[in-house]
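Input: a single structure, listed below in structure tokens.
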Amino acid sequence: MDRFNRTAQGASLIAGPLLTVVATFLWDADGRHGVTGGALAALSSVVWLYGLLGLWDRLRPERPGWATLGSLAAILGTFGGIAFGLQGFYEAAFGLNGEQSLAALAEHPLAAQLVLWLPGPAFPLSMVALGLTLAITRKAPLWTAVLLGVAGALFPVSRIPRIEAVAHVADLLLFVPSAFLGVTMIAAALSGRTRSAR
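Here it is in structure tokens:
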């Protein structure tokens with residue numbers, strides 16, 4: 001069962017960020033997700049979370065407190081990713097532009113804070129924390145940790161002002177180390193090595 005679990009987590013680490021890459025290519029001229037892009041952005045968070053929790057689980061023996069906080073940040077952050085993806089989906093489905101969407105959210109400030117504005121930053125922070133923890137524990141090559149940290153820092157720079165070129169760079173910086181860790185996890189699971197994240 002652990003072999004299947006680790007293989008599924010590895011596949012999640014590949015498919016989740018890949019869906020994010022595709023979703024960003026579907027942004028409209030205003031940097032909005034649209035129906036298809038929004039759906040893919042929301043699904044990417046759902047898919048990616050399973051693998052992220054698997055990585056944090058592998059880090060738990062060395063850093064139990066960090067693993068717990070990192071797992072919680074990943075859950076909260078992917079909830080924000082789902083919410084932002086669905087926001088784009090519904091904006092396009094109901095024909096709302098960015099200003100209309102923000103005006104509608106302004107009528108529900110507490111709900112908007114709880115669903116979008118507070119969970120949103122948790123995702124990039126969780127990537128920075130994951131990169132830092134991987135570097136400290138040496139459970140993965142240093143370059144993967146560095147790329148995750150840089151991508152986490154770059155992610156809000158691309159999403160808040162909606163700069164498409166920066167978003168593509170951030171997506172790539174997230175995809176490469178996540179996919180590498182996913183492939184490594186699958187290879188380890190298939191070879192029977194399940195005690196290491198590498």
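Numbering (the UniProt record's numbering), first residue to last: 1 to 198.
Using N, Cα and C, we set each Cβ at its ideal position, and we do this for glycine too.
Just so we're clear, the structure is a prediction, and the values are computed from it rather than from any experiment.
- A check of alpha carbon separations from Trp27 across Gly192, Val166 and Arg63 identifies Val166 as the nearest.
- Under the 8 Å Cβ criterion, the stretch 64-79 does not count as touching the stretch 18-25, having fewer than three qualifying pairs.
- A Cβ-Cβ distance of about 13 Å is found for the pair Phe79 and Ala41, leaving them out of contact under the 8 Å criterion.
- Around the beta carbon of Ala122, a 10 Å sphere encloses 16 or more other beta carbons of the protein chains shown; the residue is thus reported as buried.
- In this chain, the alpha helix (DSSP H) harbouring Phe123 covers Ala122 to Thr137.
- Under the three-state reduction of DSSP, Gly38 is assigned to helix.
- In the structure shown, Ile186 falls within a helical segment according to DSSP collapsed to helix, strand and coil.
- Cβ neighbours of Arg162 within its own chain (closer than 6 Å, five residues either side excluded): Gly31.
- Excluding the 5 residues flanking it on each side, Gly54 has same chain C-beta neighbours closer than 6 Å at Gln9, in chain order.
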